[in-house]
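Each remark here refers to the structure printed beneath this line.
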């Protein structure tokens, strides 16, 4: 299994606001149950397996982007 980067929202801020984070999944997206995961930067965040991390933008976590690039 290869890992993939997916987008997440900071858990404390819910789905309507907050920074997008990157989470590296080492398992199938079908195994993600909606619980919080640890983002690349160390923040806890809820995974949205429908979204793929394709680079940083204005709403992305700067720490995740810095660690990935």
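Residue numbers (my numbering): 1128 to 1196.
Yeah, the Cβ is synthetic: ideal placement off N, Cα and C, and Gly gets one too.
Original post:
Bridge partners of residue 1163, per DSSP?
Top reply: As a working note, residue 1163 is residue 36 in the chain shown. Looking at the DSSP assignment, residue 1163 forms a beta bridge with 1173.
Original post:
So the alpha helix (DSSP H) residue 1189 belongs to, where does it begin and stop?
Top reply: The residue you call residue 1189 lines up with position 62 of the chain shown. Unbroken alpha helix (DSSP H) run through residue 1189: 1189-1195.
Original post:
For residue 1167 versus residue 1146, is the C-beta distance shorter than 7 Å?
Top reply: Along the chain shown, one-based indexing puts residue 1167 at 40. Along the chain shown, one-based indexing puts residue 1146 at 19. No, these two residues do not count as a Cβ contact at 7 Å.
Original post:
Helix, strand or coil for residue 1186 per DSSP?
Top reply: Along the chain shown, read from residue 1 onward, the residue named residue 1186 stands at position 59. The answer is coil: DSSP assigns residue 1186 none of H, G, I, E or B.
Original post:
When you compare only the Cα positions, how much space is there between residue 1185 and residue 1149?
Top reply: Reading the chain shown from its first residue, position 58 is the one you call residue 1185. Reading the chain shown from its first residue, position 22 is the one you call residue 1149. About 14 Å.
**OP:** Could you tell me whether the Cβ atoms of residue 1159 and residue 1176 are closer together than 7 Å?
**Re:** Stepping through the chain shown from its first residue, residue 1159 is reached at position 32. Stepping through the chain shown from its first residue, residue 1176 is reached at position 49. In this structure, residue 1176 lies closer than 7 Å to residue 1159 by Cβ.
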